[in-house]
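Asks:
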Amino acid sequence: MPIPFAEALRTKEFVVTAEIGPPKGVDIDEMLHHIDLLKDKVDALNVTDNQSSVMRIGSLPVCKLIKEAGGEPILQMTCRDRNRLALQSELLGAYVLGIRNVLALTGDYITVGDHPEAKPVFDIDSVLLVKLIKQLEQGRDFAGNELKGAPKFCVGAIVTPEADPIEPQLLKFEKKIKAGAEFIQTQAIYDLDNFKKFMRYARKFNVKILAGIVLLASAGMARFMNANVPGIFVPQPLIDELASAPKGKALEKGIEIAGRMIKQIREEKICDGVHIMAIGREHLVPEILSAAGM
Amino acid sequence: MIVGQRKPFDEIKSYVDGCQRILVLGCGTCVAVCMAGGEKEVQILASQLRIAFKEEGKDVQVDEETILRQCDREYFDTLKDRVDKYDVVISMACGAGVQLAAELFPHRVVVPALNTTFIGIAEKEGVWSEKCRACSNCLLAETGGICPITICPKGLVNGPCGGTNHGKCEVDKNKDCAWTLIYRRLEGQGRLEKIREIHPPKNYKVQTTPATIWHAAYREEEA
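Same order as they appear, the protein sequences are chains A and B. Counting along the first sequence from 1, when you hit position 116 you're at 125 in the numbering used here, and nothing is skipped either side. Counting along the second sequence from 1, when you hit position 5 you're at 6 in the numbering used here, and nothing is skipped either side.
1) Does Ile288 (chain A) have its Cβ less than 8 Å from a Cβ in chain B?
2) In chain order, what residues of the same chain lie with their CB nearer than 6 Å to the CB of Leu106 (chain A), ignoring the 5 residues before and after it?
3) Measure the Cβ-Cβ separation of Asp81 (chain A) and Tyr184 (chain B) and say whether it is below 8 Å.
4) For Pro113 (chain B), list the residues DSSP reports as bridge partners.
5) Hey, out of B:Tyr16, B:Phe77, B:Ser48, B:Gly19, whose CA is closest to Gly29 (chain B)'s CA?
6) Taking 8 Å as the CB-CB cut-off, is Tyr184 (chain B) touching chain A?
7) Any chance the segment 100-119 of chain A sits against the segment 59-67 of chain A, with 3 or more Cβ pairs inside 8 Å?
8) In chain order, what residues of the same chain have a beta carbon less than 6 Å from the beta carbon of Glu22 (chain A), not counting five sequence neighbours either side?
9) For Lys55 (chain B), name the three-state secondary structure that DSSP assigns.
10) Which residues in chain A sit within 9 Å of Asn116 (chain B), going by Cβ to Cβ distance?
11) So, helix, strand or coil for Met234 (chain A), using DSSP?
12) For Glu155 (chain A), which residues does DSSP report across the bridge?
13) Excluding the five sequence neighbours on either side, which residues of its own chain have a C-beta within less than 6 Å of the C-beta of Trp180 (chain B), listed in chain order?
14) Assign Tyr210 (chain A) to one of two classes, buried (16 or more other C-beta atoms within 10 Å of its C-beta) or exposed (fewer than that).
15) Do Gly38 (chain B) and Met93 (chain B) have their beta-carbon atoms positioned less than 8 Å apart in this structure?
16) What residues in the segment 187-214 of chain B have a beta carbon less than 9 Å from any beta carbon of chain A?
17) I want to see whether chain A comes within less than 8 Å of Lys86 (chain B), judged by CB atoms only; does it?
18) Just to confirm the assignment, what range does the beta strand (DSSP E) spanning His284 (chain A) have?
19) Tyr219 (chain B): buried (16+ other C-beta within 10 angstroms of its C-beta) or exposed?
20) At the 8 Å Cβ level, is Gln178 (chain A) part of the contact set with chain B, yes or no?
21) Helix, strand or coil for Gln71 (chain B)? Go by DSSP, reduced to three states.
22) Alpha carbon to alpha carbon, what distance is there between Lys262 (chain A) and Ser137 (chain B)?
23) At the level of alpha carbons, what is the spacing between Val128 (chain B) and Cys35 (chain B)?
24) Quick test of the definition: if touching needs 3 or more C-beta pairs under 8 Å, does the segment 23-33 of chain A touch the segment 287-303 of chain A?
25) Ile200 (chain B) to Ala142 (chain B), Cα distance in whole Å?
26) Which residues does DSSP list as the beta-bridge partners of Gln208 (chain B)?
27) Check whether chain C comes within 8 Å of Cys136 (chain B), counting only Cβ atoms and requiring the distance to be less than that.
28) Which residues in the same chain as Glu266 (chain A) place their Cβ atom closer than 8 Å to its Cβ, once the five residues preceding and following it in sequence are excluded?
29) In this structure, how does DSSP classify Cys20 (chain B) when only helix, strand and coil are distinguished?
30) What is the DSSP secondary structure of Cys72 (chain A), reduced to helix, strand or coil?
31) Since Ser130 (chain B) is in the beta strand (DSSP E), which residue starts that stretch and which ends it?
32) Verify the CB distance criterion: does Glu171 (chain B) have a CB-CB separation below 8 Å to chain A?
33) What residue from B:Asp85, B:Leu115, B:Lys125, B:Ala123 has the CA that sits closest to Ala95 (chain B)'s CA?
34) Going by the DSSP bridge assignment, what does Val223 (chain A) pair with across the sheet?
35) Distance check for Val35 (chain A) and Ala300 (chain A), CA to CA, integer angstroms please.
36) In whole angstroms, what is the alpha-carbon distance linking Pro154 (chain B) and Lys176 (chain B)?
The following block contains the structure:
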């Protein structure tokens, strides 16, 4: 049995999380295989919530499947599809199913996904979702009504250290911590010098920071992300390194790069751990970890 | 002002196919200013309908009229006795005007010619942009005169989402991120403390529809 994630954050020198993206449809064999492969190699598995506004199996049932498989899940929750009633009742439901970790996000806008005509909710935002969870823990719902039994969660949020401009993001980062976030998983970072600068600032706060590691599969993917994904910046030397890999070996190079970054973050104690997002290549997470010497 | 856009001609025509006598009714206020439903646009739509029916070999009477405001009962007075002549009234007002016309002429079919789009301002000749969502809970004093409920598609009240990039919005790269604008303006005014505290959740209770407002001076009539 894994130790609770809150305990891992408290006691371990270097925490590793990875990500499970539920499938679109009820064929879960591949996902169960990934859960089985990763559950003992990482401290917790995030489960995405209709990632990129694309409808899939929900985060909560997959968290339950991870629990049943003997893993430690982190329930990702966005504010896009649920109002404050639905968020709270799902949180209470998650607690009684044994889920103890939540990552609060605002969520991508509806129109970027596969149901662009649906009604976007955004009743509250990620800061208020953290606050809402802390209020449930006090035995009160978000409207102040008394609960019959209060849950207790380990609550996280996210930050984008490469955002441009960064100041408005940091203002929100500080609000998330003020609201009660205990850990922060970052958007993908590639420039460790920049990230060290961010960490010099972030160290002022009592919060655990896990650096986001997104596996680069090719130079094309890196260029695409630079052009299209907000808050992601892959420096040119890394793109050149991927481009210089022999034909068919770019992915191996990507694994090597991810492993090298994790190793440096760990050895230099830049932050408290990493969050590995393999985006459809979950089966490669063990290879990334061994490339990092873990 | 209220900004509207005319519906496609085929959609409007489909509402009135089979009718013999049609009144195209314009509104002389907001939708006239935004060049969607004023006197000129009434002339254009009526002409289009006449041509289309003529091409189909149909003898249909299409009359034109524009009143100052379709959101005020008194301006309909001149129409009261005439409206029974028509099978259908095409209202070129905003959704409020269309509904008042339909309420005042309950025995006549009233159909809209516009899609009512937003409360906004004129940026320049022929360009309007949305500024207000009429949320009944104005935040502009705290947000440097920039409305995050309207300008941010997510209506966020506690700062930008992670989708913003180079000051633009994740939903549309051509549009500004509301929270970057708010941050920059308050920074320039030395008033960032306005947005450092956690803002409480939006209160949708005040938005319960349909809303009714009584001016204080007329309050006794409510009793």
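Using N, Cα and C, we set each Cβ at its ideal position, and we do this for glycine too.
Replies: From the atom records:
1) No, because no Cβ of chain B sits closer than 8 Å to the Cβ of Ile288 (chain A).
2) Cβ neighbours of Leu106 (chain A) beyond the five flanking positions: Lys73.
3) The sequence given here has Glu at residue 81 (chain A), not Asp. No.
4) B:Ser92
5) B:Phe77
6) Tyr184 (chain B) counts as touching chain A.
7) yes
8) none
9) helix
10) Near Asn116 (chain B) there are no residues of chain A at all, since even the closest Cβ is about 15 Å away, more than 9 Å.
11) helix
12) A:Arg149
13) Listed in chain order, the non-local C-beta contacts of Trp180 (chain B) below 6 Å within the same chain comprise Gly160, Pro161, local neighbours out to five positions each way being set aside.
14) exposed
15) yes
16) Glu188, Leu193, Ile196, Arg197, Glu198, Ile199, His200, Pro201, Pro202, Lys203, Tyr205
17) no
18) Start and end: 282-286.
19) exposed
20) yes
21) coil
22) 55 Å
23) The straight-line gap from Cα to Cα measures roughly 8 Å.
24) With a cut-off of 8 Å, the segment 287-303 of chain A and the segment 23-33 of chain A count as touching, because enough Cβ pairs lie within range.
25) The sequence as given places His at residue 200 (chain B); Ile does not occur at that position. Cα to Cα, His200 (chain B) sits roughly 13 Å from Ala142 (chain B).
26) Note: Gln208 (chain B) sits in no beta bridge, so no partner.
27) The chain inventory of the structure shown lacks chain C, comprising the protein chains A and B.
28) It should be noted that the sequence gives Ile, not Glu, for residue 266 (chain A). Only Leu225, Leu247, Glu250, Leu251 meet the Cβ criterion.
29) coil
30) helix
31) 128-133
32) yes
33) Before going further, note that residue 95 (chain B) is Cys rather than Ala in the sequence given. Answer by Cα proximity: B:Leu115.
34) Val223 (chain A) is bridged to A:Met286.
35) 33 Å
36) Spanning the two alpha carbons is a distance of roughly 10 Å.
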